[in-house]
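This report concerns only the one structure given below.
Residue numbers (the working numbering): 812 to 1152.
Rendered as structure tokens:
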């Protein structure tokens, strides 16, 4: 049995041991803080020494010189000149292999548009914007400033002259092709567009005006009307067969469309007058009937009567069958009274 005195003593011993443990912990923490502070101070000293050594090895910083506008211009000019020289050397190589400097506009070498570059040199030369040294270099390797495009334009112009001599006018349909291959209509349309934009060469303007080219870009109706006029001039009438085509344009279908528009009251009054003035027959049935009636008169003048056999043909046309049907219509009272008379 532990006496109260011994129990008290044991309790005091336990308390003393706990205080000693706490004291040891505090002492250990202090020692750790001291060691850490010493390590930090030594590392900072080393860093300072390294920075000092680096600064000693680094060359002194040079002051940057401010670049003025003249320096920038000189640099840009140098770069531009170098780029031009690169393209010029490419042109030299092209001439070495092709024996001339006629580079097509769409020509590219390794993705570089040499043809387009050369096309830009020509207008620069005309506008006195090309460096004289560069112009001389280009001339020395045989560049022709007025290239074969001028000859190509003159070739199309001569073709247009022949078209006018043949057709009597320069109203070329937009989709017309000379000899089925050369797009003369499209070429003329492009010249008219360039003139209206003020981009056509004055010499070419005078040449085209001299042969009667109109600068107003006419609508398609007026162009086809001119074709109908030429048809009338050749054939003495405007009775265009429905399946007739002129240079790929369905003139017969177009004329029938005008007749249908007139019957519906949709044809412009000015256009109707123009068509009537050149002799367009609006009702094809009446014209066809008159043609057959003239054949019948000719038959009577020759044979002395109108007793035409059913199978008889006059100039390959079935006059006998036509007369038979006129009699049938008269019986049914469906024949026009004017025709009966």
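Note that the Cβ used here is the ideal one computed from N, Cα and C, for glycine as well. It should be emphasised that the depicted structure is a prediction, and the values quoted were computed from it without experimental measurement.
Checklist entry - What are the start and end residues of the alpha helix (DSSP H) that includes residue 1035? => result As a working mapping, residue 1035 is identified with position 224 in the chain shown. Per DSSP, residue 1035 belongs to the alpha helix (DSSP H) from 1031-1046.
Next on the checklist: Could you compute how far the alpha carbon of residue 848 sits from the alpha carbon of residue 827?
Outcome noted: If you number the chain shown from 1, residue 848 lands on position 37. If you number the chain shown from 1, residue 827 lands on position 16. Rounded to the nearest angstrom, the two C-alpha atoms are 32 Å apart.
Next on the checklist: Buried or exposed, going by whether 16 or more other CB atoms sit within 10 Å of the CB of residue 984?
Outcome noted: Along the chain shown, one-based indexing puts residue 984 at 173. Per the 10 Å Cβ criterion, buried.
Checklist entry - How far does the alpha helix (DSSP H) with residue 946 in it reach, from first residue to last? => result Here residue 946 corresponds to residue number 135 of the chain shown, with the count starting at 1. Unbroken alpha helix (DSSP H) run through residue 946: 943-951.
Checklist entry - How is the alpha helix (DSSP H) around residue 1126 delimited, first residue to last? => result Against the chain shown, residue 1126 aligns to sequence position 315. Careful: residue 1126 lies outside any alpha helix (DSSP H) and carries neither H nor E.
Checklist entry - If residue 968 sits next to residue 936, beta carbons under 8 Å apart, how far is it from one beta carbon to the other, in whole angstroms? => result Against the chain shown, residue 968 aligns to sequence position 157. Against the chain shown, residue 936 aligns to sequence position 125. No, residue 968 and residue 936 are not in contact; Cβ-Cβ is about 24 Å, not under 8 Å.
Checklist entry - Cα separation between residue 896 and residue 1008? => result Working through the chain shown from its first residue, we reach residue 896 at position 85. Working through the chain shown from its first residue, we reach residue 1008 at position 197. About 35 Å.
Checklist entry - Helix or strand or just coil, what does DSSP make of residue 1112? => result The residue labelled residue 1112 in the question sits at position 301 within the chain shown. In the structure shown, residue 1112 sits in a helix (DSSP, three-state: H, G or I).
Checklist entry - Between which two residues does the alpha helix (DSSP H) carrying residue 915 extend? => result For the purposes of this step, residue 915 is taken as the residue at position 104 of the chain shown. In this chain, residue 915 is not harboured by any alpha helix (DSSP H), its DSSP state being neither H nor E.
Checklist entry - To the nearest angstrom, how far is it from the Cα of residue 1100 to the Cα of residue 1053? => result In the chain shown, the residue the question calls residue 1100 occupies position 289. In the chain shown, the residue the question calls residue 1053 occupies position 242. Distance from the CA of residue 1100 to the CA of residue 1053, rounded to the nearest whole angstrom, comes to 17 Å.
Item to check | Residue of 1104, 933, 1049, 841 minimising C-alpha distance to residue 1088 | outcome: Position 277 of the chain shown, counted from the first residue, corresponds to residue 1088. When each option's Cα is compared against that of residue 1088, the closest is 1049.
Next on the checklist: Given a cut-off of 7 Å on the beta-carbon distance, is the pair residue 1121 and residue 1109 in contact?
Outcome noted: On the chain shown, position 310 is the one that residue 1121 refers to. On the chain shown, position 298 is the one that residue 1109 refers to. Going by C-beta atoms, residue 1121 is not nearer than 7 Å to residue 1109.
Checklist entry - Which first and last residues belong to the alpha helix (DSSP H) in which residue 1012 is found? => result Here residue 1012 refers to the residue found at position 201 when the chain shown is read from its first residue. From DSSP, residue 1012 is part of no alpha helix (DSSP H); its letter is neither H nor E.
Item to check | Residue burial classification, residue 1035 (beta-carbon count within 10 angstroms, cutoff 16) | outcome: Here residue 1035 is taken as the residue at index 224 of the chain shown, counted from 1. By the neighbour-count criterion, in which 16 or more other beta carbons inside 10 Å mark a residue as buried, residue 1035 falls on the buried side.
Item to check | residue 1088 - DSSP class collapsed to helix/strand/coil | outcome: On the chain shown, residue 1088 is found 277 positions in, with the first residue counted as 1. Residue 1088: helix per DSSP, three-state reduction.
Checklist entry - So, is residue 982 buried or exposed, given that buried needs 16 or more other C-beta atoms within 10 angstroms? => result Mapped onto the chain shown, residue 982 falls at position 171. Classification for residue 982: buried.
Next on the checklist: How far does the alpha helix (DSSP H) with residue 1150 in it extend, from its first residue to its last?
Outcome noted: The sequence position of residue 1150 within the chain shown is 339, counting from 1. That run of the alpha helix (DSSP H) goes 1148-1151.
Next on the checklist: So, with DSSP's three-state summary, where would you put residue 845?
Outcome noted: To locate residue 845, count along the chain shown from 1; it is residue 34. Helix at residue 845.
Item to check | Every unbroken alpha helix (DSSP H) within the segment 955-1003, with a cutoff of 4 residues, ordered by chain | outcome: 959-978
Item to check | Touching by the beta-carbon criterion (3+ pairs, under 8 Å), the segment 897-904 and the segment 923-931 | outcome: yes
Next on the checklist: Taking the alpha carbon of residue 1107 as the reference point, which residue from 1126, 1031, 846, 1092 has its own alpha carbon closest?
Outcome noted: Residue mapping note: residue 1107 aligns to position 296 of the chain shown, counting from 1. Among 1126, 1031, 846, 1092, the Cα nearest to that of residue 1107 is on 1126.
Item to check | Nearest to residue 1020 (by Cα), restricted to the options 1002, 1037, 1010 | outcome: Residue numbering aside, residue 1020 sits at position 209 when the chain shown is read from its first letter. Cα-wise, what sits closest to residue 1020 is 1002.
Checklist entry - Who are the Cβ neighbours of residue 956 in its own chain at under 7 Å, not counting the five residues just before and after it? => result The count along the chain shown starts at 1 and reaches residue 956 at position 145. Taken in chain order, the residues that qualify are 933, 936.
Checklist entry - Which residues does DSSP pair with residue 1060 in a beta bridge? => result By 1-based counting over the chain shown, the position of residue 1060 is 249. For residue 1060, which the question treats as bridged, DSSP gives the partners 1057.
Checklist entry - With a CB to CB cut of under 7 Å and the five nearest residues on each side skipped, what residues in its chain are close to residue 978? => result If you number the chain shown from 1, residue 978 lands on position 167. These residues qualify, in order along the chain: 1041.
Next on the checklist: Just checking: is the beta-carbon of residue 906 within a distance shorter than 7 Å of some beta-carbon in chain B?
Outcome noted: Structure shown: chain B not included; a single protein chain is present.
Item to check | Segment limits, alpha helix (DSSP H) that includes residue 926 | outcome: What you label residue 926 is simply residue 115 of the chain shown in a count that begins at 1. Where residue 926 is concerned, the enclosing alpha helix (DSSP H) starts and stops at 925-937.
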